[in-house]
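K.L.:
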Amino acid sequence: MSGDWLAARVIGHRGAAAHAPENTIAGLARAAALGVAMVEVDAKLSRDGIPVLFHDDRLDRTTNGKGPVAQADHETLSRLDAGSWFGPAFAGEPIPTLAAAIAEMTRLKLALNLEIKPCPGRERETAEIALAVAQAHWPADRPPPLVSSFAVECLEVAQVAAPDWPRGLLLERATPGWDRLAQRLDAASVNIAAGMASAVAIAGYRRGGRRCLAYTVNDAMEAESLLAMGMDAVISDCPDLILARLAGRRPA
Ligand code: G3P
Ligand code: MG
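Quick note on the numbering used here: the sequence shown kicks off at -6 and runs consecutively.
Shown next, in the form of C-alpha cells:
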C-alpha cells in the first residue's frame, strides 16, 4: 500500500447522492464522471451475512422492497430495484454487494471511505465480515480505505482486523470524551456533522495529526468556508458544485 489515504478534499456522499441513487454502482460511475476522487458508501449485512451497500435499516425508502434489511437474504435483496425511487432512468439498478462495489471503484480508480453501518445488534459481525470482504478485494497497491463508523464496536473490530487501515470516528454531536475515544481507537480522522464545526473545534479535532472531515455539506460556500477554517475534507451529495467552486468555475 502507498500514498495518502485521504485522496481528496471533496468526497462524494453515498456515491453522488444528489445525482444518482445512493449506494449503487450507477452512483459510483456518476461520482467518477463528475471528477470525484473519493466516495463514501454505507455497508451492512443481509440476513445471511453478505455485505451490501445500503444506508437505512429498512428497505422501504430506497427500494421496491419492504421491511428490515436484517431479515432479507441476499437472494431477495439481489432482486430488488434500488433505482426507480430516484428516477426512471435508474430503474432496475440493483443493491450492490460490497465486493462488486469495490471492483467498480477499482476500475474507476476511486478512493473509499467505507462507513460500516450495522443494523442494531449486528455491530461485531458486520464489521468483521465487511472488513474481511474489503481486505480480500481492495487492491494492495492502492491507498487503503478509510474505515468509518458511528458504532464504536465496529471501529474496535477494525483496529484488530485491519490495523493498518485508517479509522474514522463518526460523531453526530459534540461528545464529551471524544478525544479519549479517538485516542483509544487510534483514529486517523474524526468525521463530524457540519453543524459541529468552528475554527476552534476543527483545530481540536485535528490535534496530533488527526484529520477532520465534515458531512453532509451540500452548499458550496459553506464547503469553501469549512475548508478555509482547516477542515481536511467535506462529504457531499453534490461534490460537483463544491469542486467547481473550489476551482473558480461555474458548475456544469
Ligand atoms: O460518513 C458520513 C455520513 O454518511 C454519515 O451519516 O447517515 O449519511 O451515513 P449517514
Ligand atoms: Mg454514511
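C-beta: ideal position from N, C-alpha, C; glycine also.
1. Tell me which same chain residues have a C-beta within less than 8 Å of the C-beta of Met(-6), skipping the five on either side of it?
2. Between Leu101, Ala167, Trp(-2), which has its C-alpha nearest Ala187's C-alpha?
3. Could you say which of Glu68, Ala63, Gly8 lies nearest to Leu52 if we only look at CA atoms?
4. Which residue or residues does DSSP assign as beta-bridge partners of Asn184?
5. Applying the 10 Å Cβ sphere with the 16-neighbour rule, what's the burial state of Pro232?
6. What separation, rounded to the nearest whole angstrom, lies between the Cα atoms of Arg199 and Pro81?
7. Tell me the rounded alpha-carbon separation between Met224 and Gly85.
8. If you scan the segment 98 to 172 from start to end, which runs of the beta strand (DSSP E) of 3 or more residues do you find wholly inside it?
9. Work out the CA separation of Ala194 and Gly201 for me, nearest whole Å.
10. Identify the residues that DSSP records as bridge partners of Ser229: which are they?
11. Go to Leu21, then tell me how far its beta strand (DSSP E) extends in each direction, as first and last residue.
12. Taking Met189 as the reference, which of Ala144, Ala245, Cys205 has the closest Cα?
13. Could you give the distance in angstroms between the alpha-carbon of Ser142 and the alpha-carbon of Ala245?
14. For the ligand MG, is there any heavy atom lying closer than 7 Å to the beta carbon of Lys59?
15. Restricting to Cα atoms, I'd like to know which of Ala19, Glu217, Val29, Arg7 is closest to Ala0.
16. Check whether the Cβ of Ile195 sits closer than 7 Å to any heavy atom of the ligand FAD, and report yes or no.
17. Taking Gly76 as the reference, give the member of His67, Asp66, Gly58 with the closest Cα.
18. Between the beta-carbon of Gly161 and the beta-carbon of Ala144, is there less than 8 Å?
19. With the cut-off set at 8 Å, would you say Lys110 and Ala36 are in Cβ contact?
20. Taking only beta-carbon atoms, is Met98 less than 8 Å away from chain D?
21. Within 10 angstroms of the Cβ of Pro89, are there 16 or more other Cβ atoms? Answer buried if so, exposed if not.
22. Skipping 5 residues on each side, what residues in its chain have a beta carbon closer than 7 Å to that of Val119?
23. Could you name the residues that DSSP lists as bridge partners for Thr90?
24. Which residue wins for smallest C-alpha separation from Glu116, given the options Ala92, Arg72, Pro44?
25. For the alpha helix (DSSP H) holding Val193, just list the boundary residues, first then last.
26. At the level of alpha carbons, what is the spacing between Asp74 and Pro87?
P.N.:
According to the data block:
1. Note that Met(-6) scores 46 on pLDDT, short of 50, meaning its location in the model is unreliable and no value can be drawn from it.
2. Here the closest residue by C-alpha is Ala167.
3. It is Ala63.
4. Answer is Leu163, Leu206.
5. So Pro232 counts as buried.
6. Spanning the two alpha carbons is a distance of roughly 43 Å.
7. Roughly 38 Å separates the two Cα atoms.
8. Assignment of beta strand (DSSP E) within the segment 98 to 172, counting only whole runs of 3 or more residues, yields 104 to 109, 139 to 142, 160 to 164 in chain order.
9. Linking Gly201 to Ala194 through their CA atoms gives a straight-line distance of about 14 Å.
10. Per DSSP, the beta bridge partners of Ser229 are Gly5.
11. Bounds of any beta strand (DSSP E) do not take in Leu21; it lies within the alpha helix (DSSP H) bounded by 18 to 26.
12. The shortest CA-to-CA distance from Met189 to any of Ala144, Ala245, Cys205 is the one to Cys205.
13. Between Ser142 and Ala245, the alpha-carbon positions lie close to 33 Å from each other.
14. Taking non-hydrogen atoms of the ligand MG into account, the C-beta of Lys59 is found less than 7 Å away from none of them.
15. Checking every option, the nearest Cα to that of Ala0 belongs to Val29.
16. Absence of the ligand FAD from the depicted structure is noted, with the ligand G3P and the ligand MG being the only ligands included.
17. The residue from His67, Asp66, Gly58 with its alpha-carbon nearest to that of Gly76 is Gly58.
18. Taking 8 Å as the Cβ cut-off, Gly161 and Ala144 do not qualify as a contacting pair.
19. Taking 8 Å as the Cβ cut-off, Lys110 and Ala36 qualify as a contacting pair.
20. Among the chains in the structure shown there is no chain D, since it carries only a single protein chain.
21. Taking every protein chain shown into account, the CB of Pro89 has 16 or more other CB atoms within 10 angstroms, so this residue is buried.
22. Checking the displayed sequence, the identity of residue 119 turns out to be Thr instead of Val. The answer, listed in chain order, is Lys37, Leu38, Ile109, Pro111, Cys147.
23. For Thr90, the beta-bridge partners assigned by DSSP are Val45.
24. Checked all of Ala92, Arg72, Pro44; the closest Cα to Glu116 is Pro44.
25. Counting along the chain, the alpha helix (DSSP H) containing Val193 begins and ends at 192 to 198.
26. The alpha-carbon of Asp74 is positioned some 5 Å away from that of Pro87.
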